[in-house]
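Trainee: Following this message is one structure expressed as structure tokens.
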Amino acid sequence: MPFENIIGHRHQIVSLQTAVARERLAHAYLFHGEDAIGKRSTALCFAQALNCEAHASADAIDACGACRSCRQIEARTHPDFFVIEPDRELATPQIKIEQVREIEQQIMYRPLIGERKICLIDDADRMTIGAANALLKTLEEPPDHSLFLLISGRPSALPATIRSRCQALRFATPARTQVEAALIVKREMPPADARLLAMICEGRIGEALSADAKEARARQRELLELVRPATLQSVTAILSAAETLAKADRAPEILAWLARWIRDLVIVQVGGDREHLLHLDDLPNLETYARRAGTDALLDLLHDIEKTEQQATRHLNLHMAMENILLRLRDALALAPAGASA
Ligand SMILES: [Zn+2]
9 MPFENIIGHR
19 HQIVSLQTAV
29 ARERLAHAYL
39 FHGEDAIGKR
49 STALCFAQAL
59 NCEAHASADA
69 IDACGACRSC
79 RQIEARTHPD
89 FFVIEPDREL
99 ATPQIKIEQV
109 REIEQQIMYR
119 PLIGERKICL
129 IDDADRMTIG
139 AANALLKTLE
149 EPPDHSLFLL
159 ISGRPSALPA
169 TIRSRCQALR
179 FATPARTQVE
189 AALIVKREMP
199 PADARLLAMI
209 CEGRIGEALS
219 ADAKEARARQ
229 RELLELVRPA
239 TLQSVTAILS
249 AAETLAKADR
259 APEILAWLAR
269 WIRDLVIVQV
279 GGDREHLLHL
289 DDLPNLETYA
299 RRAGTDALLD
309 LLHDIEKTEQ
319 QATRHLNLHM
329 AMENILLRLR
339 DALALAPAGA
349 SA
């Protein structure tokens with residue numbers, strides 16, 4: 009597909025196009041940045057642009073998306089284009105040495121139909137030590153016609169020796185408004201749905217493009233039930249909700265959501281920009297709550313949720329943490345009946 013279909017990342021695209029125009033293309037690039045923001049799509053598009061048979065523009069390379077070469081790269085049947093990626097079905101996805109060796113042999117030969125042999129390595133930080141060492145050998149003396157495009161959301165997990173052989177290109181998370189616009193144009197989504205998905209996915213365009221707006225809405229409605237007065241007024245209801253959610257392993261999701269909801273509440277309370285509200289649809293309720301709650305108590309709660317999330321990997325009892333946070337939220341919102349204690 010043409011570069012114009014990529015959401016954001018203009019600067020990165022132009023710098024790649026310029027490198028080609030000036031014949032300064034490196035043999036290896038490391039595209040890094042948050043997951044699901046368009047690094048892989050840009051790499052695919054770049055591979056297509058380099059081998060595109062349409063030569064649509066004389067100024068800068070681009071992909072037509074329709075010629076034989078572009079279609080073959082998309083379908084991964086192009087004889088000069090290879091993809092190495094971990095088996096994501098496994099509990100610990102890894103890129104194994106055999107995968108690198110196989111491509112290594114292919115890449116030595118001259119391209120069959122294109123200009124370059126291109127190897128895309130997705131989630132490159134998943135390479136085993138053996139795989140990384142094998143790749144390093146090739147990167148130390150890359151064949152002239154070769155190009156490696158490494159993609160990683162955790163570049164620090166890559167061996168420094170590999171990183172130093174690659175030109176790093178950092179990808180920034182696209183702005184929410186860009187994701188929103190893309191959802192409206194590409195998925196013909198109503199603006200309210202596009203806004204909700206863009207907010208939830210926080211710039212992870214890949215996630216936003218494949219997410220189900222109906223399901224997201226249903227989930228938001230379900231989560232909002234947790235903070236309705238009917239739930240928060242009753243300790244029994246809080247404990248039972250916390251138990252059900254913990255049993256379904258949903259504590260991390262709930263904590264993250266509660267943090268978002270409390271942030272909304274604080275925004276309303278301090279008269280912040282309502283454009284930033286996740287629950288803009290639920291504004292009347294937020295306003296009612298905002299009048300009852302103390303900002304300090306909410307900020308304390310927010311801080312503690314973040315702390316709990318960070319410690320979650322240390323076998324913290326998330327069930328109890330969630331209970332505790334909900335009970336404190338009830339206090340912060342002054343929902344406990346007079347004289348009752350939480
Ligand atoms: Zn093409």
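Just so you know, the sequence shown maps onto residues 9 to 350 in this note's numbering. Just so you know, even glycine gets a beta-carbon here, dropped at the ideal spot from N, CA and C. Predicted, not measured: the structure shown is a model, and the values here were computed from it.
(1) Does T296 pass the burial test, meaning 16 or more other C-beta atoms within 10 Å, or should it be called exposed?
(2) Apart from the five residues just before and just after I21, which ones in its own chain have a Cβ nearer than 6 Å to its Cβ?
(3) Tell me where the beta strand (DSSP E) around S242 begins and ends.
(4) In whole angstroms, what is the alpha-carbon distance linking R76 and F54?
(5) Taking its Cβ as the centre, do 16 or more other Cβ atoms sit within 10 Å of S349, making it buried, or is it exposed?
(6) Are the stretch 241-250 and the stretch 330-337 touching by the rule of at least three beta carbon pairs closer than 8 Å?
(7) Just to confirm the assignment: which complete alpha helix (DSSP H) runs, minimum length 4, are found wholly within the stretch 10-71?
(8) Would DSSP call L343 helix, strand or coil?
(9) Along the chain, where does the beta strand (DSSP E) containing R92 start, and where does it finish?
(10) Mind checking whether I159 and D133 have CB atoms under 7 Å apart?
(11) Mapping the DSSP letters down to three states, classify Q102 as helix, strand or coil.
(12) Smallest Cα separation from A329: which of I313, D339 and L341?
(13) Anyone know if the C-beta pair for K104 and A74 falls short of 7 Å?
(14) Which residue from V274, D257, A68 and P182 puts its Cα closest to that of K47?
(15) Going by CA-CA distance only, name the one from D201, I246, N141 and V235 that's closest to A267.
(16) Tell me, please, whether the stretch 203-213 touches the stretch 179-193 by the rule of three or more beta-carbon pairs shorter than 8 Å.
(17) So, helix, strand or coil for R79, using DSSP?
(18) Nearer than 6 Å: is that true of the beta carbon of A68 relative to any heavy atom of ligand 1?
(19) Could you tell me which whole alpha helix (DSSP H) segments of length 4 or greater appear in the stretch 130-165?
(20) Report all residues for which the CB-ligand distance to some heavy atom of ligand 1 is below 7 Å; order them along the chain.
(21) Alpha carbon to alpha carbon, how far is H40 from I270?
(22) Considering Cα atoms alone, identify which of L120, H17, I121 and I170 is closest to N141.
(23) On the DSSP bridge assignment, give the partners of A176 in chain order.
(24) Taking D70 and G122 to be in contact with their CB atoms under 8 Å, please state how far apart those CB atoms are, rounded to whole angstroms.
(25) So, are the CB atoms of H287 and I275 less than 7 Å apart?
(26) Would you call Q319 buried or exposed, if buried means 16 or more other Cβ atoms sit within 10 Å of its Cβ?
(27) Check whether the Cβ atoms of I208 and A226 sit closer than 7 Å, and answer yes or no.
(28) Determine the burial state of K125: buried for a count of at least 16 other Cβ atoms within 10 Å of its Cβ, exposed for fewer.
(29) Alpha helix (DSSP H) containing I192: first to last residue?
(30) Tell me the rounded alpha-carbon separation between P119 and S154.
(31) Could you compute how far the alpha carbon of F156 sits from the alpha carbon of I45?
(32) Using the DSSP secondary-structure output, state which residues sit across from I208 in a beta bridge.
(33) Less than 7 Å between the beta carbons of A51 and L177, yes or no?
Mentor: Concretely, from the data shown:
(1) exposed
(2) F11
(3) That residue, S242, is in no beta strand (DSSP E); it is neither H nor E in DSSP.
(4) 15 Å
(5) Summary for S349: the model assigns pLDDT 48, below 50, so the residue's position carries little reliability; its value from the coordinates is reported in the next sentence. By the neighbour-count rule (16 or more Cβ atoms within 10 Å), S349 is not buried but exposed.
(6) yes
(7) 18-29 and 47-59
(8) coil
(9) According to the sequence as given, residue 92 is Ile; it is not Arg. Looking at the DSSP string, the run of the beta strand (DSSP E) that includes I92 is F89 to I92.
(10) no
(11) coil
(12) I313
(13) no
(14) P182
(15) V235
(16) yes
(17) helix
(18) no
(19) 137-148
(20) Q56, C60, E61, A62, A71, C72, G73, A74, C75, S77 and C78
(21) 31 Å
(22) I170
(23) L38
(24) No, D70 and G122 are not in contact; Cβ-Cβ is about 15 Å, not under 8 Å.
(25) no
(26) exposed
(27) no
(28) buried
(29) R184 to K194
(30) 9 Å
(31) 20 Å
(32) I208 pairs with nothing; no bridge assigned.
(33) no
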